[in-house]
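Below you'll find the structure, written out as structure tokens, and then a few comments.
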Amino acid sequence: MAHTAKNFLSFAPLFNSLLLVATGAGIGPLLSLLSSPAIAHMRKQGRQVRVMWCVYDPNAVRWRFVQDIIRRVDQQPKIFDSRNGRPDVAHEAELMKRRCYLEAVMVVSNAKLTREVVEAIKGNGGAAYGAVFDS
2 MAHTAKNFLS FAPLFNSLLL VATGAGIGPL LSLLSSPAIA HMRKQGRQVR VMWCVYDPNA
62 VRWRFVQDII RRVDQQPKIF DSRNGRPDVA HEAELMKRRC YLEAVMVVSN AKLTREVVEA
122 IKGNGGAAYG AVFDS
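Note that this note's numbering has the sequence shown beginning at 2, numbered continuously upward.
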């Protein structure tokens, strides 16, 4: 029997509400998830899926398809333009989690920011998941 590889994003459907956080090209893995039957099923059930993305010039033509995919799932995503400086993503994620009453946060970014977001959320008693950078 063949087994498919799984990553932490495959656990998204376990939550009643979810914040997906990405920086830059980290949005790539999230696009697959956002376009998946699992997320469509979550939304059909009325479960909340929110998106936060920090990227350089998010309104550039090259990102239009990304914005389209994001907005099919979250009509009011939190998108930061890093041309204006990088926000404190960990703080913004914690704030959005709290304000929107979200159960869990999943983050796809570099090792430093992933750790900051996960630690901030967990430090306040929340559930947060990100890639493990152990090599």
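In this text, a Cβ means the ideal position worked out from N, Cα and C, and glycines have one as well.
Going by the beta-carbon positions, is the gap between F16 and G131 smaller than 8 angstroms?
-> Walking along the sequence shown from the start, residue 16 turns up at place 15. Walking along the sequence shown from the start, residue 131 turns up at place 130. Cβ distance not < 8 angstroms, so F16 and G131 don't count as in contact.
Where the alpha helix (DSSP H) through D82 begins and ends | Against the sequence shown, residue 82 aligns to sequence position 81. Note, D82: premise wrong, no alpha helix (DSSP H); beta strand (DSSP E) at 79-82.
Roughly how many angstroms lie between the CA atoms of R65 and G124, to the nearest whole one?
-> In the sequence shown, counting from the first residue as 1, residue 65 sits at position 64. In the sequence shown, counting from the first residue as 1, residue 124 sits at position 123. About 35 angstroms.
Report yes or no: do the region 90-106 and the region 46-53 share at least 3 C-beta pairs separated by less than 8 angstroms?
-> yes
Are the beta-carbon atoms belonging to A23 and L35 less than 8 angstroms from one another?
-> The sequence position of residue 23 within the sequence shown is 22, counting from 1. The sequence position of residue 35 within the sequence shown is 34, counting from 1. Cβ atoms of A23 and L35: not closer than 8 angstroms.
Mark K45 as exposed unless 16 or more other C-beta atoms lie within 10 angstroms of its C-beta, in which case mark it buried.
-> Here residue 45 refers to the residue found at position 44 when the sequence shown is read from its first residue. K45 comes out exposed.
Could you say which of V118, E93, R63 lies nearest to A26 if we only look at CA atoms?
-> As a working note, residue 26 is residue 25 in the sequence shown. Nearest of V118, E93, R63 to A26, Cα basis: R63.
Using only alpha-carbon positions, find the residue among T115, K113, K7, L21 that is nearest to K98.
-> Locating residue 98 in the sequence shown gives position 97, counting from the first residue. It is L21 whose Cα lies nearest to the Cα of K98.
The beta strand (DSSP E) enclosing S18, as first and last residue numbers = Translated into positions along the sequence shown, residue 18 becomes position 17. That run of the beta strand (DSSP E) goes 18-24.
Kindly identify the DSSP beta-bridge partner or partners of R51.
-> Counting from 1 along the sequence shown, the entry for residue 51 is found at position 50. For R51, which the question treats as bridged, DSSP gives the partners L20.
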